[in-house]
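Have a look at the structure below, then the notes.
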Amino acid sequence: MDKMLTVARREFLSRLKTKGFIVATILAPVFLIGMTVLPQFFLFLKSDQPKQLAVIDQTGVIFDSLAVSLDDRNAAGQRVYNLTRHEASAETLPVLEKTLTAQINNGELDGYIIIPAGILAAGRAEYRAKSVTNFFENERIENALSRAVRAWRIQQSGLNAEQVRQLVRRAGLRPIRISASGREEEDQGRTEGLVRIMVMFIYAAMLVYGQIVMRSVIEEKSSRVIESVIASIKPFQLMAGKILGVGALGLTQYSLWAIVMGLLSLYGVRVTSLFNRGVTSASGFSMPSVAPEILGFFILFFVLGYFLFSAIFAGLGAMVNSDQEAQQLVFPVIMLVVIPFLCTFYIIENPNTQLAVILSLIPFFAPMTMFARIVVQTPPAWEIALCFALMAATIVGIIWLVGRIFRVGVLMYGKRPTLPEVIKWIKYA
Amino acid sequence: MQTLQLDSINKSFGNLEAVKELSLAVAPGTIYGFLGPNGAGKTTTIRMIMEIILPDRGRILINGAPNTSPAVLDRVGYLPEERGVYRKMKVREALEFFAELKGLKKSAHKKKIDAWVERFGMAGVQMKKMEELSKGNQQKIQILTTVVHEPDLIILDEPFMGLDPVNAELVKEVILEQKQRGTAIVFSTHLMESAEKLCDAICLINKGRKVLDGEVKTIKRGFGRNHVILAYDGKSDFLKNNGVIESYNDSGNYVEIKLRPGANPQALLAAAMQHAEIFRFEIAEPSLHEIFLATVKEA
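Chains A and B, in that order, give the protein sequences.
Here my numbering is used: the first residue of the first sequence is 20, the next is one more, and so on.
Here my numbering is used: the first residue of the second sequence is 7, the next is one more, and so on.
As structure tokens, this is what we get:
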């Protein structure tokens, strides 16, 4: 026991102090934040510049109304869109288009909008510019144009504009989830987002930390230090020590990230909202609140999934001589992690179908699939109990099997073993 | 009580009988050579002693207790044939790690490591990473981790293989010093010369079976003084068709000769002087190498 902890401590400390670990621990949240913030930041930078837009109003009645509704301001309080009015009939339009295009090319103009006469009944306007890929900008122009056209139609119909607004006001829908404990929680698409994030964490833990365990075994094997080690400690204890040490490392890393996320959401720092004034989707990354029982299940599946896969990876490490050899063997195991991850997309939408039930009971899949079901729509207790029983039995079986492979494998050098050879090892040990 | 005792050990890998009915005993304070050609079963036996692999049958006792009982192996120091270091670890941390794997508590190993590091002249490199050390210094660390916990039994598998001459001397020195402390030392080798000079007792194995064991003195006496060692310069024609020679092992300017029973060594010397210049002429006991060859041929 003491020796196992000695090994665990070595694994933990020697990795904790590496540059790679420190960099990854710091960079991962920075990267995540960057992924959320940067795109919006760049859009924001772009939309900040005032633009000169020409408007060819073939209806003759929309321009003023559009100029009012398209009045976005940038941070400096300037109008973002400066509109100039042009008129053209069907005959003069081609000539005007040519002139405007020339102006765009020499930089006097950023773009032009053609509002056809028919738009008052139906139809679409055209927005032409050098770049029309800014989704938010397109949306803003379209919304402003719609408002202008709608206002004109209402006015023509002789109805009271205020009355119409009242009549067509949207009716809202508040999704409320009924959890197993009977509590009702408001759900604004957060459950789905949350379960995806948490499943992703479990997925990453099994793959990343599992492979760290594997590489640790390969390293000791290829540096030939392993025989000195297992002369002092039982191979099984060595394996267990490695799994515990790397597992502790993983929990440390995740805890650090959780603290960072927690602090961010606690102080309500919605970094993104600094940039997205006027942008429709205000997606801050405030941490959704997690019910304690969900957190409990998360940690349980996280740990069990990690034990299961790190044991498998440890066995693979014992079978091969180098990282390159491992890459070939590792593929089926990675599939065992990737497939349930993909299945969760289906399960989140259909948590209670027969297929979902089966997928969530397969021990290798359960850490992700059963967890997703529990979060989305908690299954009956007996299913959860059965799932844990199956997982526990599988973990014990795998550890027994891998322990035997490990015992023989760590002393085998040279050719990578075939499957029959591995079965022989299991019998030898 | 013997420090190490093997009782009828057997181990097969599939159809291959790697070790068969092997028994031996090593007393405290003895240097015990475990000799045999490559593939004889030396490493397999040593790994069974260290409980890295398990014997199919038989019993292994260390200080009178089975090697499967807890903490027994903590009293053993082992230098494997395939040896390596944790390349990324600091020297000191690695030494502490191995000391703790041998059951030493932090309070106990500090002084011991300090003393050994000082003695090996490595105090200055303790904070370096293993991979920054020269190969020779890495070897020193491996030797050090074998003895740092002051074991009752030291097992060295081919200890002189790949060692530079300085470290080979160091190993010899450590072996002799530990012997004085009453430690039993078992080392395997296929190089008979190094065994001959160091060992008090030996066990010869071939194809997994013991062919000979006992004290080196006794074994040699049993083979009689009918060997001649000749160092010469010149033609070796005198070795051929010589009536007094039963067999010989010629190395070009050094030859070990086994005489026929009752033959006169002086007649050999006379014949040799006609063909070559003689630097050394010695009537001797056979070398372990000769004994090994003779025994294996007989078997």
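The C-beta atom is built at its ideal place from N, Cα and C for all residues, glycine as well.
A quick note: this is a predicted structure, and the numbers were derived from the prediction, not measured.
#1: From F326(A), T271(A), G433(A), M354(A), pick the residue whose C-alpha is nearest to that of K36(A); which is it?
#2: Might you give, ordered along the chain, the residues of its own chain that have their beta carbon closer than 8 angstroms to the beta carbon of T388(A), omitting 5 neighbours on each side?
#3: Does any CB atom of chain B fall closer than 8 angstroms to the CB of R296(A)?
#4: Strictly by DSSP, which residues pair up with C209(B)?
#5: Can you find at least 3 beta carbon pairs, one from the region 78-87 of chain A and one from the region 40-48 of chain A, that sit closer than 8 angstroms?
#6: Any residues in the region 230-244 of chain A with a beta carbon nearer than 7 angstroms to a beta carbon of chain B? Which ones, in chain order?
#7: Quick check: what's the CA-CA separation for F383(A) versus L210(B)?
#8: Hey, is T189(B)'s beta-carbon within less than 8 angstroms of any beta-carbon in chain A?
#9: Going by the CB atoms, is the gap between Y325(A) and M219(A) shorter than 8 angstroms?
#10: Roughly how many whole angstroms lie between the Cα atoms of T9(B) and N44(B)?
#11: Any C-beta of chain B sitting closer than 8 angstroms to the C-beta of E440(A)?
#12: From the DSSP output, read off the bridge partner residues of K96(B).
#13: Please report how far the alpha carbon of E30(A) lies from the alpha carbon of I393(A), in whole angstroms.
#14: Please work out which residues of its chain come closer than 6 angstroms, Cβ to Cβ, to K48(B), disregarding the five sequence neighbours upstream and downstream, and give them in chain order.
#15: Measuring straight from C-alpha to C-alpha, what distance separates I81(A) and R143(A)?
#16: Which stretch, first to last residue, makes up the beta strand (DSSP E) that contains Q11(B)?
#17: Following the continuous alpha helix (DSSP H) through V172(B), name the residue where it begins and the one where it ends.
#18: Quick one: list the residues of chain B neighbouring T450(A), beta-carbon separation under 8 angstroms, in chain order.
#19: If you measure between the beta carbons of Y38(B) and C205(B), is that distance less than 8 angstroms?
#20: Under 7 angstroms between beta-carbons, which chain B residues line up against I249(A)? List them in chain order, please.
#21: Could you give the DSSP three-state label for H196(B): helix, strand or coil?
#22: Quick check on E164(B): buried or exposed, where buried means 16 or more other Cβ atoms within 10 Å of its Cβ?
#23: Can you check DSSP and say which residues form a bridge with E283(B)?
#24: Of all Cβ atoms in chain E, is any one closer than 8 angstroms to the Cβ of M7(B)?
#25: DSSP on E164(B), reduced to helix/strand/coil?
#26: Residue ranges of each beta strand (DSSP E) run of no fewer than 3 residues wholly in the region 97-131 of chain B, ordered along the chain?
#27: Looking only at its chain, what residues have a beta carbon closer than 7 angstroms to the beta carbon of K308(B), apart from the 5 residues adjacent to it on each side?
#28: Quick check for students: name the residue ranges of the alpha helix (DSSP H) that lie wholly in the region 365-437 of chain A, counting only runs of 4 or more.
#29: Determine the DSSP secondary structure at A31(B), reduced to helix, strand or coil.
#30: Shorter than 8 angstroms from the beta carbon of L10(B) to some beta carbon of chain A?
#31: Kindly list the residues whose CB is nearer than 6 angstroms to the CB of F61(A), restricted to its own chain and excluding five residues on each side of it in sequence; keep chain order.
#32: In the DSSP assignment, find the unbroken beta strand (DSSP E) run with Y228(A) in it and report its ends.
#33: Please confirm whether R29(A) has its beta-carbon closer than 8 angstroms to some beta-carbon of chain B.
#34: Check whether the Cβ atoms of R266(B) and I235(B) sit closer than 8 angstroms, and answer yes or no.
Concretely, from the data shown:
#1: Indexing the first sequence from 1 puts residue 36(A) at position 17. Here the closest residue by C-alpha is T271(A).
#2: For this step, residue 388(A) is matched to residue 369 along the first sequence. Shown here for T388(A): same chain residues with a beta carbon closer than 8 angstroms to its own, the five before and five after excluded, namely P359, C362, T363, I366, A375, L378, S379, I381 in chain order.
#3: Start at 1 with the first residue of the first sequence, and residue 296(A) comes out as number 277. Caution is warranted here: a pLDDT of 46 is assigned to R296(A), below 50, making its placement in the model unreliable, and the coordinate value is therefore given only provisionally. With 8 angstroms as the cut-off, R296(A) does not count as an interface residue toward chain B.
#4: On the second sequence, residue 209(B) is found 203 positions in, with the first residue counted as 1. DSSP lists F40(B), D219(B) as partners of C209(B).
#5: No, the region 78-87 of chain A does not touch the region 40-48 of chain A.
#6: From the region 230-244 of chain A, only S242, R243, V244 have a Cβ closer than 7 angstroms to chain B.
#7: Mapped onto the first sequence, residue 383(A) falls at position 364. Mapped onto the second sequence, residue 210(B) falls at position 204. Between F383(A) and L210(B), the C-alpha separation is close to 52 angstroms.
#8: As a first step, residue 189(B) must be located in the second sequence, where it is residue number 183. By this cut-off, T189(B) is not an interface position.
#9: Start at 1 with the first residue of the first sequence, and residue 219(A) comes out as number 200. Start at 1 with the first residue of the first sequence, and residue 325(A) comes out as number 306. Not in contact: M219(A) and Y325(A) (Cβ atoms no closer than 8 angstroms).
#10: As a position in the second sequence, residue 9(B) is number 3, starting the count at 1. As a position in the second sequence, residue 44(B) is number 38, starting the count at 1. Taking the straight line from one Cα to the other gives about 26 angstroms.
#11: By 1-based counting over the first sequence, the position of residue 440(A) is 421. Taking 8 angstroms as the CB threshold, E440(A) stays off the interface with chain B.
#12: Looking up residue 96(B) in the second sequence gives position 90. K96(B) is bridged to K135(B).
#13: If you number the first sequence from 1, residue 30(A) lands on position 11. If you number the first sequence from 1, residue 393(A) lands on position 374. Cα to Cα, E30(A) sits roughly 33 angstroms from I393(A).
#14: Counted from its first residue, the second sequence places residue 48(B) at position 42. Excluding positions up to five away in sequence, the list reads F40, G42, S194.
#15: The residue you call residue 81(A) lines up with position 62 of the first sequence. The residue you call residue 143(A) lines up with position 124 of the first sequence. Taking the straight line joining both Cα atoms gives about 13 angstroms.
#16: Stepping through the second sequence from its first residue, residue 11(B) is reached at position 5. Its beta strand (DSSP E) spans residues 10-19.
#17: On the second sequence, residue 172(B) is found 166 positions in, with the first residue counted as 1. For V172(B), the uninterrupted alpha helix (DSSP H) segment begins and ends at 171-186.
#18: The requested residue 450(A) does not occur in the structure, where chain A is confined to residues 20 to 448.
#19: For this step, residue 38(B) is matched to residue 32 along the second sequence. For this step, residue 205(B) is matched to residue 199 along the second sequence. Less than 8 angstroms separates the beta-carbon of Y38(B) from that of C205(B).
#20: Within the first sequence, the letter at position 230 stands for residue 249(A). For I249(A), the neighbours in chain B by C-beta distance under 7 angstroms run, in chain order, I58.
#21: Walking along the second sequence from the start, residue 196(B) turns up at place 190. Here H196(B) sits in coil by DSSP.
#22: To locate residue 164(B), count along the second sequence from 1; it is residue 158. The residue in question, E164(B), is buried, as its Cβ has 16 or more Cβ neighbours within 10 Å.
#23: Numbered from its first residue, the second sequence carries residue 283(B) at position 277. DSSP lists D239(B) as the bridge partner or partners of E283(B).
#24: No chain E appears in this structure, whose protein chains are A and B.
#25: Here the question's residue 164(B) lines up with position 158 in the second sequence. Residue state, collapsed to three classes: coil.
#26: None, since the region 97-131 of chain B contains no complete beta strand (DSSP E) of that length.
#27: Given that chain B is displayed from residue 7 to residue 305, the structure contains no residue 308(B) and the question cannot be resolved.
#28: Fully contained in the region 365-437 of chain A are the following alpha helix (DSSP H) runs of length 4 or more, in chain order: 373-380, 385-395, 400-428.
#29: Mapped onto the second sequence, residue 31(B) falls at position 25. Note: A31(B) maps to strand in three-state DSSP.
#30: By one-based count along the second sequence, residue 10(B) stands at place 4. Chain A, which has no Cβ nearer than 8 angstroms to the Cβ of L10(B), makes this no.
#31: Locating residue 61(A) in the first sequence gives position 42, where the first residue counts as 1. None.
#32: Reading the first sequence from its first residue, position 209 is the one you call residue 228(A). For Y228(A), there is no enclosing beta strand (DSSP E), as DSSP marks it with neither H nor E.
#33: Taking the first sequence and counting its residues from 1, the one referred to as residue 29(A) is at position 10. R29(A) counts as touching chain B.
#34: Stepping through the second sequence from its first residue, residue 266(B) is reached at position 260. Stepping through the second sequence from its first residue, residue 235(B) is reached at position 229. Not closer than 8 angstroms, so no.
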